[in-house]
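Q: Please read through the structure below; I'll follow up with questions.
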Amino acid sequence: LTALIIGIFAITGIVPEVRATELWKTLPEPLPAPEAKESGYAKVNGVEIYYAIYGSGEPLILLHGGLGNTDYWGGQIADFSAKYKVINIASRGHGRSTRNEQPYGYHLMASDVLAVMDFLSVKKASIVGWSDGGNIGLDIAINNPDRLVKLFAFGANFNPSGVKPTVETDPVFGAYVERAAADYSRLSKTPKQFDDFVAQISEMWANQPDFKPEQLKSIRVPVAVADGEYDEAIKLEHTKQMASMIPKSTLILLPNLSHFAMWQDPKAFNQAVLKYLETE
Numbered sequence: 025l026t027a028l029i030i031g032i033f034a035i036t037g038i039v040p041e042v043r044a045t046e047l048w049k050t051l052p053e054p055l056p057a058p059e060a061k062e063s064g065y066a067k068v069n070g071v072e073i074y075y076a077i078y079g080s081g082e083p084l085i086l087l088h089g090g091l092g093n094t095d096y097w098g099g100q101i102a103d104f105s106a107k108y109k110v111i112n113i114a115s116r117g118h119g120r121s122t123r124n125e126q127p128y129g130y131h132l133m134a135s136d137v138l139a140v141m142d143f144l145s146v147k148k149a150s151i152v153g154w155s156d157g158g159n160i161g162l163d164i165a166i167n168n169p170d171r172l173v174k175l176f177a178f179g180a181n182f183n184p185s186g187v188k189p190t191v192e193t194d195p196v197f198g199a200y201v202e203r204a205a206a207d208y209s210r211l212s213k214t215p216k217q218f219d220d221f222v223a224q225i226s227e228m229w230a231n232q233p234d235f236k237p238e239q240l241k242s243i244r245v246p247v248a249v250a251d252g253e254y255d256e257a258i259k260l261e262h263t264k265q266m267a268s269m270i271p272k273s274t275l276i277l278l279p280n281l282s283h284f285a286m287w288q289d290p291k292a293f294n295q296a297v298l299k300y301l302e303t304e
């Protein structure tokens with residue numbers, strides 16, 4: 025993901041029209057989430073990280089994608105919270121969480137997640153991470169495996185070479201960036217600073233993640249490397265390569281869906297996640 029994506033879609037506001045019936049060429053609105061039984065801010069690492077909690081049971085953390093927010097899991101929470109204590113976390117600078125001048129990095133954002141876990145007295149959890157959220161989950165799997173039960177990493181990448189250059193002109197991804205910009209102005213404590221936020225995070229996207237093969241091969245916690253068959257952003261061969269490097273990982277490809285599978289077919293996405301989490 026590059027700053028060029030933002031230049032085309034968020035700054036100019038020019039978004040190609042999407043005309044398609046295939047699910048993977050659509051960008052449905054996220055479904056509304058049920059009311060949280062608890063929500064608030066954890067003051068950690070110099071920022072305020074927003075979280076919302078649903079249901080009860082073993083902890084399951086949801087980590088959204090780049091430019092996104094916790095509302096984007098609306099179609100997943102009811103199904104997941106029927107079996108798990110769902111902890112929905114907004115990454116620093118995203119959604120309702122704040123940011124500071126500290127340079128963005130996946131390891132830093134992983135430390136935020138661990139700090140929120142400490143704040144909530146959660147020793148260990150499973151993680152469902154989408155896109156950047158998946159990358160954060162991979163960092164935790166590599167560096168803090170004792171805090172992780174299972175990881176479902178959807179639409180993640182292990183280095184920038186996995187990003188398709190065509191994402192810069194993809195109409196569905198462009199519509200996503202436009203949606204994210206509007207939601208930022210609605211949810212953020214700094215609603216007029218979207219461009220500054222994007223400039224900060226784009227510096228990370230230029231060079232990260234940079235997980236080495238030996239780091240991926242060192243992972244010992246169960247990992248599902250998942251994606252939509254027609255991901256606009258991540259190369260299919262990159263996803264398969266990552267799965268081949270993580271010992272005993274499970275490769276899951278959802279047919280006729282894209283980077284936004286959780287919106288395009290919530291039922292299929294949720295079933296894939298729950299089936300993986302419940303597999304011994």
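Count along the sequence shown from 1, add 24, and you get the number used in the working numbering.
Ideal placement from N, C-alpha and C gives every residue a C-beta, glycine not left out.
Every value quoted in this text rests on a predicted model; they were computed, and no experiment measured them.
(1) Which partner residues of residue 112 appear in the DSSP bridge assignment?
(2) Please classify residue 126 as buried or exposed, where buried requires at least 16 other C-beta atoms within 10 Å of its C-beta.
(3) Tell me, please, which residues DSSP counts as bridged to residue 242.
(4) Going by DSSP in three states, residue 154 sits in which element: helix, strand or coil?
(5) Give me whichever residues DSSP pairs with residue 160 in a beta bridge.
(6) How big is the Cα-Cα spacing for residue 98 and residue 265?
(7) Rounded to the nearest angstrom, what separates residue 28 and residue 299 at their Cα positions?
(8) Curious, which full-length alpha helix (DSSP H) runs of at least 4 residues does the segment 259 to 286 contain?
(9) How would you call residue 205, buried or exposed, if buried means at least 16 neighbouring beta carbons within 10 angstroms?
(10) Specify, as a first and last residue, the run of the beta strand (DSSP E) that residue 299 falls within.
(11) Give the single residue among 95, 76, 74 whose Cα lies nearest to the Cα of residue 53.
(12) Can you tell which of 124, 103, 129, 139 has its C-alpha closest to the C-alpha of residue 75?
(13) Whole angstroms is fine: what's the gap from residue 85's alpha carbon to residue 256's?
(14) Would you check if the distance between the CB atom of residue 136 and the CB atom of residue 71 is smaller than 9 Å?
(15) Give the straight-line distance between the Cα atoms of residue 144 and residue 271, rounded to the nearest whole angstrom.
(16) Taking the alpha carbon of residue 93 as the reference point, which residue from 154, 81, 69 has its own alpha carbon closest?
(17) Pop quiz: residue 163 and residue 134 are said to be a contact at Cβ under 8 Å. What is the actual Cβ separation, rounded to whole angstroms?
(18) Assign residue 171 to one of two classes, buried (16 or more other C-beta atoms within 10 Å of its C-beta) or exposed (fewer than that).
(19) Residue 130 lies in the alpha helix (DSSP H); which residues open and close that run?
A: Answer, in terms of the structure:
(1) Per DSSP, 76, 86.
(2) Exposed, because fewer than 16 other Cβ atoms sit within 10 Å of the Cβ of residue 126.
(3) Residue 242 pairs with nothing; no bridge assigned.
(4) DSSP, read as helix, strand or coil, puts residue 154 in strand.
(5) According to DSSP, which records beta bridges pairwise, residue 160 is partnered with nothing at all.
(6) Going from the Cα of residue 98 to the Cα of residue 265 covers about 31 Å.
(7) Confidence at residue 28 is low in this model, with a pLDDT of 36, below 50, so the placement of that residue should be treated as unreliable; the coordinate-derived value is given next. Between the C-alpha atoms of residue 28 and residue 299 there is a straight-line separation of about 37 Å.
(8) If we require 4 residues or more, the alpha helix (DSSP H) runs fully inside the segment 259 to 286 come out as 260 to 269.
(9) Looking at its Cβ environment, which holds 16 or more other Cβ atoms inside 10 Å, residue 205 is buried.
(10) Residue range 290 to 302 is occupied by the alpha helix (DSSP H) that includes residue 299, with no beta strand (DSSP E) assigned at that position.
(11) The candidate whose alpha carbon is nearest that of residue 53 is 95.
(12) Closest option to residue 75, Cα to Cα, is 139.
(13) Cα to Cα, the separation comes out at about 25 Å.
(14) Yes, Cβ-Cβ distance for residue 136 and residue 71 is below 9 Å.
(15) Approximately 31 Å between the Cα atoms of the pair.
(16) Of 154, 81, 69, the residue nearest in Cα terms is 154.
(17) The C-beta distance from residue 163 to residue 134 rounds to 4 Å, short enough to fall under 8 Å.
(18) When all chains shown are included, residue 171 counts as buried.
(19) Here the alpha helix (DSSP H) through residue 130 covers 130 to 143.
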